[in-house]
Amino acid sequence: MTRDEIRELAAFQADEKKGAYALSFYFQPDPPQDRSHRHEAILAKEVVKQALKEAEGKGKNGWLHADLDRVLEVATRLRGHARGHAVFACSAHNLWKEFDLPPRLGTTRIYLQPRLQLKPLAVLLGAQPDLCVAMVDRQRARFFDLRLDDLRERDAIVHMLSRNAANYGYNGYEAGHAERRVAEEALHHFKAVSERLRTDLEKGLWQRLIVGCQDSNWREFESHLHPYVKQRLIGRFSADVASVGDEEIRNHADAMLKKWIEERGRTKAEEAIDFAKANGRGVTGLRRVLRALETGEVQTLFLTENYSAHAVECTHCGHLDAHMVPSCGACGSSTRELSDVCDAVIPIAIRRDIELFYLKEHSELDRAGNIAALLRFRADQNRTGQTAAAS
Ligand SMILES: [Zn+2]
Numbered sequence: 119m120t121r122d123e124i125r126e127l128a129a130f131q132a133d134e135k136k137g138a139y140a141l142s143f144y145f146q147p148d149p150p151q152d153r154s155h156r157h158e159a160i161l162a163k164e165v166v167k168q169a170l171k172e173a174e175g176k177g178k179n180g181w182l183h184a185d186l187d188r189v190l191e192v193a194t195r196l197r198g199h200a201r202g203h204a205v206f207a208c209s210a211h212n213l214w215k216e217f218d219l220p221p222r223l224g225t226t227r228i229y230l231q232p233r234l235q236l237k238p239l240a241v242l243l244g245a246q247p248d249l250c251v252a253m254v255d256r257q258r259a260r261f262f263d264l265r266l267d268d269l270r271e272r273d274a275i276v277h278m279l280s281r282n283a284a285n286y287g288y289n290g291y292e293a294g295h296a297e298r299r300v301a302e303e304a305l306h307h308f309k310a311v312s313e314r315l316r317t318d319l320e321k322g323l324w325q326r327l328i329v330g331c332q333d334s335n336w337r338e339f340e341s342h343l344h345p346y347v348k349q350r351l352i353g354r355f356s357a358d359v360a361s362v363g364d365e366e367i368r369n370h371a372d373a374m375l376k377k378w379i380e381e382r383g384r385t386k387a388e389e390a391i392d393f394a395k396a397n398g399r400g401v402t403g404l405r406r407v408l409r410a411l412e413t414g415e416v417q418t419l420f421l422t423e424n425y426s427a428h429a430v431e432c433t434h435c436g437h438l439d440a441h442m443v444p445s446c447g448a449c450g451s452s453t454r455e456l457s458d459v460c461d462a463v464i465p466i467a468i469r470r471d472i473e474l475f476y477l478k479e480h481s482e483l484d485r486a487g488n489i490a491a492l493l494r495f496r497a498d499q500n501r502t503g504q505t506a507a508a509s
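For reference, each letter of the sequence shown is one residue, going 119 to 509 in the working numbering.
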């Protein structure tokens with residue numbers, strides 16, 4: 119799943135006047151230890167059947183039925199599936215997209231709305247960096263790109279070591295010499311791998327790094343990492359480069375990334391709230407966050423996990439208002455009520471590449487109105503503070 123594909127989904131809007139609905143289906147698999155029970159596939163079918171039943175009430179909507187039937191087929195196929203899965207559909211507008219996702223989608227659910235429901239996706243990818251996983255030992259390095267659930271091997275470096283020192287027989291001098299040579303070859307290899315990581319980072323091939331490397335090699339390899347690269351390092355796990363499988367890499371990387379995103383979200387949210395108190399590059403509360411979104415100031419958005427709020431949206435210019443006013447404050451056209459303002463805010467964040475964090479149990483954010491933003495700049499102040507924009 120690429121950023122462009124996600125942006126396309128965020129821009130989608132079904133034509134309600136034609137009776138079209140945007141269908142979003144999320145499949146959350148059972149944890150591995152429960153997978154034999156096949157509980158999740160049965161549940162998925164139930165969820166779709168329930169939606170079909172409810173669609174009966176929605177009158178003569180043939181499109182919706184066709185989409186739901188097709189989703190039912192997908193749900194049946196997902197029996198025993200280990201990955202999460204999402205379907206976005208609207209046959210009235212010829213839309214059908216399916217994606218495998220990390221198994222962290224919360225629950226299996228179906229949504230029928232004018233816009234696609236992207237919250238489970240935003241929770242996953244809102245703050246997801248372009249990740250490189252480098253698998254390194256003394257003679258090999260394999261470079262993987264992880265984009266959401268999509269793991270691809272991009273490149274590899276191999277410097278096969280000379281024959282093992284032990285094979286050189288009983289001559290102490292020769293054996294010692296060979297050992298030194300092998301150590302030197304490994305050193306050159308580590309330096310070459312570090313250099314590759316640095317140049318790839320400079321080319322923008324990745325933003326954050328996770329290294330898979332055995333404990334015995336890590337200290338030496340780490341000492342050769344360029345300081346810029348080290349700053350981007352999320353963590354390291356232990357694995358055998360020659361035998362490691364995609365699933366193992368994905369599981370390690372996914373767990374480390376999740377923890378890193380949570381910690382980063384907490385720290386940055388505190389920063390935003392402190393800035394807001396000091397009248398600097400931060401705002402809190404729905405009203406101020408909506409205004410900052412419209413002026414293009416928002417760099418990072420923070421929401422508590424279950425945040426939801428009523429608001430109105432202008433039917434003409436899209437202006438969002440936290441007050442339930444009948445006409446738009448910007449252009450005077452009529453507004454419509456949104457039962458959850460997030461349905462409008464999340465697509466905006468995705469389209470504009472705004473980093474999005476959902477936070478669990480964050481008392482400062484709770485007190486600040488459950489929504490906050492870190493700003494690139496403040497439109498109402500002079501520009502001196504701008505250069506301090508957080509990375
Ligand atoms: Zn308007």
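Ideal Cβ placement from N, Cα and C applies to all residues, glycine included.
Computed from a predicted model, the values in this text were never measured in an experiment.
Cβ contact check for the segment 312-319 and the segment 340-351: 3 or more pairs under 8 angstroms: yes
Whole-Å CB distance - G224 paired with Q146, under 8 angstroms assumed: Taking the first residue of the sequence shown as 1, we reach residue 224 at position 106. Taking the first residue of the sequence shown as 1, we reach residue 146 at position 28. Contact flag correct, Cβ pair sits at about 6 angstroms.
Delimiting residues of the alpha helix (DSSP H) encompassing F355: One-based indexing of the sequence shown puts residue 355 at position 237. No alpha helix (DSSP H) holds F355; the beta strand (DSSP E) holding it covers L351 to F355.
Among D148, A207, A252 and H203, nearest to L186 - alpha-carbon criterion: Taking the sequence shown and counting its residues from 1, the one referred to as residue 186 is at position 68. For the residues D148, A207, A252 and H203, the minimum Cα distance to L186 belongs to A207.
Enclosing beta strand (DSSP E) for E216 [first to last residue]: Sequence index remark: in the sequence shown, residue 216 carries index 98 (1-based). Counting along the chain, the beta strand (DSSP E) containing E216 begins and ends at L213 to L219.
Environment of ligand 1 in chain order, Cβ to heavy atom below 6 angstroms: C432, H434, C435, H437, C446, A448, C449 and S451
Every unbroken beta strand (DSSP E) inside the segment 302-370 [3 residues or more]: 326-331 and 351-355
Start-end ranges of the alpha helix (DSSP H) lying completely within the segment 432-509, minimum 4 residues: 460-469 and 481-485
Beta-bridge partners of L421, as assigned by DSSP: Along the sequence shown, one-based indexing puts residue 421 at 303. Answer is Y476 and I489, bridged to L421.
Whole-angstrom distance between S356 and E172, CA atom to CA atom: One-based indexing of the sequence shown puts residue 172 at position 54. One-based indexing of the sequence shown puts residue 356 at position 238. Whole-angstrom Cα-Cα distance: 50 angstroms.
Pair within 9 angstroms by beta-carbon distance, V416 and R494: In the sequence shown, residue 416 corresponds to position 298, counting from 1. In the sequence shown, residue 494 corresponds to position 376, counting from 1. Contact flag set, yes.
Any 3 or more C-beta pairs closer than 8 angstroms across the segment 432-449 and the segment 381-399: no
Buried versus exposed, by CB contacts within 10 Å (16 or more), Q235: Locating residue 235 in the sequence shown gives position 117, where the first residue counts as 1. Buried, because 16 or more other Cβ atoms sit within 10 Å of the Cβ of Q235.
Distance between T413 and D498 (C-alpha atoms, nearest Å): One-based indexing of the sequence shown puts residue 498 at position 380. One-based indexing of the sequence shown puts residue 413 at position 295. Whole-angstrom Cα-Cα distance: 10 angstroms.
Contacts around G447, its chain only, beta-carbon distance under 7 angstroms, and the 5 residues preceding and following it disregarded: Taking the first residue of the sequence shown as 1, we reach residue 447 at position 329. Contacts found: H437 and D439.
Anticipated Cβ contact below 8 angstroms, I352 with I328, distance rounded: Walking along the sequence shown from the start, residue 352 turns up at place 234. Walking along the sequence shown from the start, residue 328 turns up at place 210. Their Cβ separation, rounded to whole angstroms, is 5 angstroms, which keeps I352 and I328 in contact under 8 angstroms.
Endpoints, the beta strand (DSSP E) within which G180 is located: Numbered from its first residue, the sequence shown carries residue 180 at position 62. From DSSP, G180 is part of no beta strand (DSSP E) but of the alpha helix (DSSP H) over G180 to R195.
D122, DSSP secondary structure in three states: Here residue 122 refers to the residue found at position 4 of the sequence shown. Helix at D122.
Assigned secondary structure, L375 (DSSP; H/G/I helix, E/B strand, else coil): Counting from 1 along the sequence shown, the entry for residue 375 is found at position 257. Looking at L375 - three-state DSSP - the assignment turns out to be helix.
Three-state secondary structure (DSSP) of H428: In the sequence shown, residue 428 corresponds to position 310, counting from 1. If DSSP states are grouped into helix, strand and coil, H428 belongs with coil.
A170 to L492 span [Cα, whole Å]: Your numbering for residue 170 matches position 52 in the sequence shown. Your numbering for residue 492 matches position 374 in the sequence shown. Before going on, a small fix: residue 170 reads as Leu here, not Ala. So the two alpha carbons sit approximately 42 angstroms from each other.
H203, DSSP secondary structure in three states: One-based indexing of the sequence shown puts residue 203 at position 85. If DSSP states are grouped into helix, strand and coil, H203 belongs with the strands.
DSSP-derived helix/strand/coil call for F130: Here the question's residue 130 lines up with position 12 in the sequence shown. Note: F130 maps to coil in three-state DSSP.
Closest residue to D263 among R256, V251, A486 and Q257 (Cα-Cα distance): Here the question's residue 263 lines up with position 145 in the sequence shown. When each option's Cα is compared against that of D263, the closest is V251.
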